[in-house]
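Written out below as structure tokens is the structure these notes cover.
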Amino acid sequence: MGVMNHVIGTSMLAAAVVAGGVTVSSADTVLEISATQPEFFAQDRAIWDIYEDENPGVTIELFSINEDTEAAYQARVAAGDPGDVRSLVFPTSDNYQTYVNLLDIDYPYWDLFTYDVRNIFAQTNGVEGYLPALNVRDGLFFTFVYYEDVLNEAGLDPKTIENIDDLRAFLDEMKAFVETQDDIEYVLDIAWHPRVWGRWMMEAWGIGLGASKQDFRDLWAGNIRWDDLENNPFVPAFELAREFTEAGYFPENWWTRTWEQEYEASFISGRSVLAYHGPWLWGKTLAQNPDAQLNGFFFPANDRGEIWQDGTTADRGTALYVANLNDDNFDAARDALIWWTSPETVKIRAEAIGFLPAMDLSSVGGVNLTDPQYLKVLQPAIESGDFTFDNSLGGQSAAGASQRSGTPFVIEDNSVAPIVGQYMTGEIDMAELMGIMQQRWEQSYGQ
Numbered sequence: 086m087g088v089m090n091h092v093i094g095t096s097m098l099a100a101a102v103v104a105g106g107v108t109v110s111s112a113d114t115v116l117e118i119s120a121t122q123p124e125f126f127a128q129d130r131a132i133w134d135i136y137e138d139e140n141p142g143v144t145i146e147l148f149s150i151n152e153d154t155e156a157a158y159q160a161r162v163a164a165g166d167p168g169d170v171r172s173l174v175f176p177t178s179d180n181y182q183t184y185v186n187l188l189d190i191d192y193p194y195w196d197l198f199t200y201d202v203r204n205i206f207a208q209t210n211g212v213e214g215y216l217p218a219l220n221v222r223d224g225l226f227f228t229f230v231y232y233e234d235v236l237n238e239a240g241l242d243p244k245t246i247e248n249i250d251d252l253r254a255f256l257d258e259m260k261a262f263v264e265t266q267d268d269i270e271y272v273l274d275i276a277w278h279p280r281v282w283g284r285w286m287m288e289a290w291g292i293g294l295g296a297s298k299q300d301f302r303d304l305w306a307g308n309i310r311w312d313d314l315e316n317n318p319f320v321p322a323f324e325l326a327r328e329f330t331e332a333g334y335f336p337e338n339w340w341t342r343t344w345e346q347e348y349e350a351s352f353i354s355g356r357s358v359l360a361y362h363g364p365w366l367w368g369k370t371l372a373q374n375p376d377a378q379l380n381g382f383f384f385p386a387n388d389r390g391e392i393w394q395d396g397t398t399a400d401r402g403t404a405l406y407v408a409n410l411n412d413d414n415f416d417a418a419r420d421a422l423i424w425w426t427s428p429e430t431v432k433i434r435a436e437a438i439g440f441l442p443a444m445d446l447s448s449v450g451g452v453n454l455t456d457p458q459y460l461k462v463l464q465p466a467i468e469s470g471d472f473t474f475d476n477s478l479g480g481q482s483a484a485g486a487s488q489r490s491g492t493p494f495v496i497e498d499n500s501v502a503p504i505v506g507q508y509m510t511g512e513i514d515m516a517e518l519m520g521i522m523q524q525r526w527e528q529s530y531g532q
């Protein structure tokens, strides 16, 4: 895998730059640290190897938490036995006290962040003076991803897509192609994932179809009713998803498919050759098949040239656990977190797994990204000057402070999947779908 080779190749650089970073006290300390994500385990392991080399006596036991093992890990946390450092946490106003307030750990790099990191949790969850997780990654991007060699052989070039009608025409051609192939099952692969459908994908499509982030913030704030079909920015996105379902572009009953075991697995194995996903599917596919020729493209920009980008919040950040505050190795865990989120290490991490950092890294020479999603999709869009990326807070994130404790999200909930499925099959219409969403919003956010 290209990014893995890059990690190994940067080890000597890393050893040089971390010399000016944080060094923990070493006393035969063993730290349990979760990998950023399972698909990036090898890259994380290579970087933590550098840490061990620089801190003799400290051993990092790296472990992965997958979606199907998250519940078991949370049971361990609830039992008072968490790991030492957790990556990829999603703190809320209900669970934030599980995590140490990082504003209290004498962190030295606050002023390097490109967003209001000290106050982001107050902005999104209404908790003043608390930061349960430290996110060094700029907002993620969702793109179409495809096997370039397969589409080239089929004479299909999605790079020519400029608007939604072009996308429709391309998918028609994709469908005709797939119908001639015995080993390709789906035109545009997808499945249900509550966060993707509830927070990311439909908002991204809504932006491309003409809405703004402010429209979504107004919706979540109650300034636009969910059942106001003329103004609800989700409506065009869900209408398009139903159009794609009825046209046979999406897999049949896609809302019943599991995200990893069916959707991602079908793309990785080549049973589908076009999908819509965040950055992770690129890495997972290349981990299984380093020779895969992947490329991608954004959902078409709106008439203002805007493309959706997720706003940077504490979500997907790194955290320490309050349950460990009195443990003998807490200081070592704190120092490891500081090292992991230092400019020197963030540069290595960003280049190894491919993400835009939410930190000013000019002091360490900036960042040179080589991951395929960046090189083949994001960088060309940035360099063209034709597009702007709106990475302000999305609707749900901005409304976090208004959500009642213990209540569900409006869409980001697995119980919503069959409801969306009823809309996709025509059992309910858009008015009924958004009427249900209005009721859910009133339950969780209404006055």
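Its first residue numbered 86, the sequence shown is counted upward by one per residue in the numbering used here. The beta carbon of each residue, even a glycine, is placed where N, CA and C say it ideally should be. The structure presented is a predicted model; accordingly, all values stated were derived computationally and were not measured.
Close Cβ partners of residue i (< 6 Å) along its chain, the five nearest in sequence each way excluded
{"i": "I205", "result": "T398 and A399"}
{"i": "V185", "result": "L405 and V407"}
{"i": "F255", "result": "P243 and I246"}
{"i": "E512", "result": "none"}
{"i": "A485", "result": "Contrary to the premise, residue 485 reads as Gly rather than Ala in this sequence. Answer for G485: T209 and N210, listed in chain order."}
{"i": "L441", "result": "D223"}
Coarse secondary structure for residue i, derived from DSSP in three states
{"i": "S469", "result": "helix"}
{"i": "A350", "result": "helix"}
{"i": "T144", "result": "strand"}
{"i": "V230", "result": "strand"}
{"i": "W277", "result": "coil"}
{"i": "D300", "result": "helix"}
{"i": "R434", "result": "helix"}
{"i": "W311", "result": "coil"}
{"i": "R222", "result": "strand"}
{"i": "N237", "result": "helix"}
{"i": "Y205", "result": "The displayed chain sequence assigns Ile, not Tyr, to residue 205. Here I205 sits in helix by DSSP."}
{"i": "Y200", "result": "coil"}
{"i": "R253", "result": "helix"}
{"i": "V449", "result": "helix"}
Buried/exposed call for residue i, threshold 16 Cβ in 10 Å
{"i": "L410", "result": "exposed"}
{"i": "L218", "result": "According to the sequence provided, residue 218 is Ala. The question's Leu does not apply to it. Looking at its Cβ environment, which holds 16 or more other Cβ atoms inside 10 Å, A218 is buried."}
{"i": "Q208", "result": "buried"}
{"i": "T341", "result": "exposed"}
{"i": "Q488", "result": "buried"}
{"i": "G439", "result": "buried"}
{"i": "P503", "result": "exposed"}
{"i": "D300", "result": "buried"}
{"i": "Q394", "result": "buried"}
{"i": "E124", "result": "buried"}
{"i": "V109", "result": "Its pLDDT being 44, under 50, V109 is placed unreliably in this model, and the value from its coordinates should be taken loosely. That one is buried."}
{"i": "E468", "result": "exposed"}
{"i": "A360", "result": "buried"}
{"i": "Q464", "result": "exposed"}
{"i": "Q532", "result": "exposed"}
{"i": "S490", "result": "exposed"}
{"i": "N248", "result": "exposed"}
{"i": "E429", "result": "buried"}
Proximity winner among the options, relative to residue i (alpha-carbon distances)
{"i": "Y459", "options": "G470, W277 and E436", "result": "E436"}
{"i": "V495", "options": "M287, E247 and V162", "result": "M287"}
{"i": "Y192", "options": "D416, A164, I246 and P243", "result": "D416"}
{"i": "E152", "options": "L173, I513, Q373 and Q299", "result": "L173"}
{"i": "P557", "options": "I275, E527 and W339", "result": "Here the chain comprises residues numbered 86 to 532, so residue 557 is not present and cannot be evaluated."}
{"i": "F472", "options": "F384, D138 and R356", "result": "F384"}
{"i": "L371", "options": "G142, G355 and Y361", "result": "G355"}
{"i": "I118", "options": "N140, D169 and R327", "result": "D169"}
{"i": "G396", "options": "V212, N248, F474 and Q507", "result": "F474"}
{"i": "E347", "options": "M509, D388 and A276", "result": "A276"}
{"i": "G224", "options": "I392, K260 and D257", "result": "I392"}
{"i": "D303", "options": "A483, L116 and Y508", "result": "A483"}
{"i": "A418", "options": "A120, K260 and V143", "result": "V143"}
{"i": "N183", "options": "L216, D201 and T154", "result": "The question names Asn, but residue 183 is Thr in the sequence shown. For T183, the nearest C-alpha among the options comes from L216."}
{"i": "D267", "options": "S357, P318 and N316", "result": "S357"}
Own chain residues within Cβ distance below 8 Å of residue i, not counting five before or after
{"i": "V320", "result": "L314, M515 and M519"}
{"i": "W133", "result": "I118, I145 and L147"}
Cβ shell of residue i (< 7 Å), same chain only, five flanking positions each side left out
{"i": "G381", "result": "T228, F229, V230, Y231, Q458, K461 and V462"}
{"i": "K432", "result": "L446, V449 and V452"}
{"i": "R280", "result": "E497"}
{"i": "I353", "result": "K369, T370 and Q373"}
Check: Hey, is the region 473-480 in contact with the region 513-522, meaning 3+ C-beta pairs nearer than 8 Å?
Finding: no
Check: Is it a yes or a no for the region 189-202 touching the region 228-240, going by three-plus beta-carbon pairs under 8 Å?
Finding: no
Note to self: If contact is defined by three or more beta carbon pairs under 8 Å, each pair taking one atom from either stretch, is the region 139-150 in contact with the region 446-466?
What the structure shows: no
Note to self: With three or more C-beta pairs closer than 8 Å as the rule, is the region 305-313 touching the region 370-384?
What the structure shows: no
Check: With contact counted as at least three CB pairs below 8 Å, one residue from each stretch, are the region 290-298 and the region 496-509 in contact?
Finding: no
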